[in-house]
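Numbering (the working numbering), first residue to last: 118 to 381. Beta carbons: idealized from backbone N, C-alpha and C, even for Gly.
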C-alpha cells in the first residue's frame, strides 16, 4: 500500500478470485478509473484509508493484524466475488459501483505448494513443518496507464511527484534575450547541482504554446522566466495540480523544488 501511495495512487485491496494460481485468500489492488477493466463494488469509506508513514513493527502479529483488518473490513470486491446480500448491508450513502484497473495482486498459498515440494523448516521443538507461502505481484507495465487515468485533467497529465519523469520544467518566455537565457541556464545548473534534472523548454515558440506543452506533459512544477519578471528579480513558480502561481527569486524557486523532492 505504501508503494502505491508513493506513486500518488489510492490502490484499494479488493477480495478477488484466485484463479489458476490457487490459494484460498487473495486480494487485488485496484485503482478506480472509468476506463478500468473490472467492475467493482465498494464502501466509499475505503478510499480514505492511508497507510502513510505509520511505524509498524512487522514482527508484532497483533499490529500487522490490526492494519490488515482496517484495510479489508470495509466492503470492496470485484464482480467475480461480489455478494449483493452483503453489499446491501453497507449504508446506502456509502455504496458505490464503479470500475477499476488492477495494478497488483497478493496471494496466500499456505502450504499448497510447499507441502508438495517438500519445502520445510524446523520449529523450535525440532518438528519439520511445510513453510507458509504467499506472493505479491505489481503490474509494472499497467501502472503507467493507471497513474495517468487517476491523475489528469482536460489539459493533460498531472504527474505525482513520486513518479514524474522530471521534477520541474523551465519555460523561457523570450528565447534569445540575454538576461532570460542566462537566468534559465542558471536555474538549470542550480537544480542539477542539487541532483534534480529539469526539462528546459528553450524553443522559439509563443508563450501560450510552451505553457500548453508543459501542461500536456504534466510535470508537477513549472518555473517561468521572462524579462519583465527578471527586471524585478523574480521568476514564476507554478503548481500543475492546483494551477496556483507565485513570484519568487530564482534562488527561492530552486530551494523550494529541492525541498519538495528531498529524500525521494
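- Item | residue 127 versus residue 358 - alpha carbon distance | 16 Å
- Have a look at residue 265 and residue 135 and give me their C-alpha separation to the nearest angstrom. 27 Å
- Item | Enclosing beta strand (DSSP E) for residue 128 [first to last residue] | 128 to 132
- Query: Where do the N-terminal and C-terminal ends of the beta strand (DSSP E) with residue 160 fall, by residue?
  - Reply: 155 to 160
- Message: At the level of alpha carbons, what is the spacing between residue 234 and residue 247?
- Response: 9 Å
- With respect to the beta strand (DSSP E) encompassing residue 193, which residues constitute its N-terminal and C-terminal limits? 193 to 195
- Query: Under 9 Å, do residue 216 and residue 157 count as touching if we go by C-beta distance?
  - Reply: yes
- Message: Across the region 363 to 370 and the region 291 to 308, are there enough close Cβ pairs to call them in contact, namely three or more that are closer than 8 Å?
- Response: yes
- Query: With DSSP run on the structure shown, which of helix, strand or coil describes residue 248?
  - Reply: coil
- Under 9 Å between C-beta atoms of residue 133 and residue 222: yes
- Message: DSSP three-state label for residue 217, please.
- Response: strand
- Query: So does the region 257 to 271 actually touch the region 138 to 149, counting three or more Cβ pairs closer than 8 Å?
  - Reply: yes
- Message: Rounded to the nearest angstrom, what separates residue 338 and residue 123 at their Cα positions?
- Response: 17 Å
- Message: Between which two residues does the beta strand (DSSP E) holding residue 138 run?
- Response: Segment: none, residue 138 is in no beta strand (DSSP E) and carries neither H nor E.
- Query: What is the C-beta distance between residue 250 and residue 227, in whole angstroms, given that I count them as a contact (C-beta under 8 Å)?
  - Reply: 7 Å
- N-terminal and C-terminal residue of the alpha helix (DSSP H) that residue 123 is part of: 119 to 123
- Can you give me the Cβ contacts of residue 293 inside the same chain, cut-off strictly under 8 Å, excluding the 5 residues immediately before and after it? 321
- In this structure, does DSSP put residue 233 in helix, strand or coil? helix
- Task: Could you say if the region 271 to 287 and the region 165 to 174 meet the contact criterion of at least three C-beta pairs nearer than 8 Å?
- Result: no
- For the alpha helix (DSSP H) containing residue 261, list its first residue and its last residue. 257 to 267
- Item | Residue from 319, 308, 296, 311 with nearest C-alpha to residue 351 | 296
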